[in-house]
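The structure under discussion appears below in the form of structure tokens.
Residue numbers (the numbering used here): 6 to 147.
Here you go:
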């Protein structure tokens with residue numbers, strides 16, 4: 006079994022604000038190098054189970070990144086994730102936002118690597134490095 010990828014960090018923001026910036030203001034901090042279009046006009050989390058996670062390019066083209074499984078603002082979000090990959094290669098991401106002192110602890114856990122066969126472990130390792138860069142931009146945006 007390939008262990009989950011876990012990224013956990015503290016932010017200087019309230020739980021509702023941390024959740025809002027992750028889900029509603031994603032395009033303001035998500036690196037363009039990790040998008041399909043290279044210059045998204047929007048990144049949208051449709052706020053309900055079954056909702057899409059979609060990038061809208063400058064030409065209006067939509068690129069599906071995943072689907073929301075659980076939408077529990079402001080404390081939890083879980084989704085199927087397949088940015089850059091076919092839906093058959095999706096993993097699952099759960100993000101929780103919990104109070105800690107005057108701020109929030111954000112915990113991201115990504116699972117499902119075993120479903121990728123031999124590609125699972127290398128993809129997990131590459132994804133860990135990507136999340137480190139992405140979450141540092143998120144922290145700066147808060």
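Ideal placement from N, C-alpha and C gives every residue a C-beta, glycine not left out.
Problem - Given residue 63 as reference, the closest of 47, 123, 38, 71 once Cα atoms are compared - result: Here residue 63 is taken as the residue at index 58 of the chain shown, counted from 1. When only C-alpha atoms are compared, the closest one is 47.
Exercise for the section: Tell me the start and end of each unbroken beta strand (DSSP E) in the region 78 to 127 that is at least 3 residues and wholly inside, in chain order. Expected result: The qualifying runs are 81 to 86, 96 to 105, 108 to 116.
Practice task
Please report how far the alpha carbon of residue 147 lies from the alpha carbon of residue 139, in whole angstroms.
Solution key: For the purposes of this step, residue 147 is taken as residue 142 along the chain shown, with counting starting at 1. For the purposes of this step, residue 139 is taken as residue 134 along the chain shown, with counting starting at 1. Roughly 13 angstroms between the two C-alpha positions.
Problem - For residue 129, the nearest candidate out of 52, 144, 143, 97 (CA to CA) - result: By 1-based counting over the chain shown, the position of residue 129 is 124. The shortest Cα separation from residue 129 among 52, 144, 143, 97 belongs to 97.
Problem - Proximity winner among 114, 124, 60, relative to residue 36 (alpha-carbon distances) - result: Translated into the one-based positions of the chain shown, residue 36 becomes position 31. Out of 114, 124, 60, 60 has the C-alpha closest to the C-alpha of residue 36.
Practice task
Flag this pair as touching only if the region 96 to 116 and the region 68 to 80 have three or more C-beta atom pairs under 8 angstroms; answer yes or no.
Solution key: In the pairwise beta carbon analysis, the region 96 to 116 is classified as touching the region 68 to 80: at least three pairs are separated by under 8 angstroms.
Exercise for the section: Identify which residue in 110, 124, 31, 87 has its Cα closest to the Cα of residue 80. Expected result: Locating residue 80 in the chain shown gives position 75, where the first residue counts as 1. Taking only the C-alpha atoms, the option nearest residue 80 is 110.
Practice task
Within the same chain, show all residues whose beta-carbon is closer than 7 angstroms to that of residue 69, passing over the 5 residues directly before and after it, in chain order.
Solution key: Position 64 of the chain shown holds residue 69. The answer, listed in chain order, is 57, 59.
Exercise for the section: Count the C-beta pairs between the region 6 to 19 and the region 106 to 125 that are closer than 8 angstroms, then say yes if the count reaches three, no if not. Expected result: Here the region 6 to 19 makes contact with the region 106 to 125; the two share three or more CB pairs at distances below 8 angstroms.
Problem - residue 49, DSSP secondary structure in three states - result: As a first step, residue 49 must be located in the chain shown, where it is residue number 44. The answer is strand: DSSP assigns residue 49 an E or B state.
Exercise for the section: Return the CA-CA distance between residue 30 and residue 50, expressed in angstroms with no decimal places. Expected result: For the purposes of this step, residue 30 is taken as residue 25 along the chain shown, with counting starting at 1. For the purposes of this step, residue 50 is taken as residue 45 along the chain shown, with counting starting at 1. Distance between the alpha carbons of residue 30 and residue 50 is about 10 angstroms.
Handout entry: Through-space distance from residue 10 to residue 125, alpha-carbon basis
Key = Here residue 125 refers to the residue found at position 120 when the chain shown is read from its first residue. Here residue 10 refers to the residue found at position 5 when the chain shown is read from its first residue. The straight-line gap from Cα to Cα measures roughly 11 angstroms.
Practice task
Could you check how far apart the C-beta atoms of residue 102 and residue 23 are, in whole angstroms? I think they sit under 8 angstroms.
Solution key: One-based indexing of the chain shown puts residue 102 at position 97. One-based indexing of the chain shown puts residue 23 at position 18. Residue 102 to residue 23, Cβ: 5 angstroms. Contact.
Handout entry: Three-state secondary structure assigned by DSSP to residue 64
Key = Position 59 of the chain shown holds residue 64. Correct three-state label for residue 64: coil.
Problem - Rounded straight-line distance, which links the Cα of residue 135 to that of residue 43 - result: Sequence index remark: in the chain shown, residue 43 carries index 38 (1-based). Sequence index remark: in the chain shown, residue 135 carries index 130 (1-based). Using only the alpha carbons, I get a separation of about 16 angstroms.
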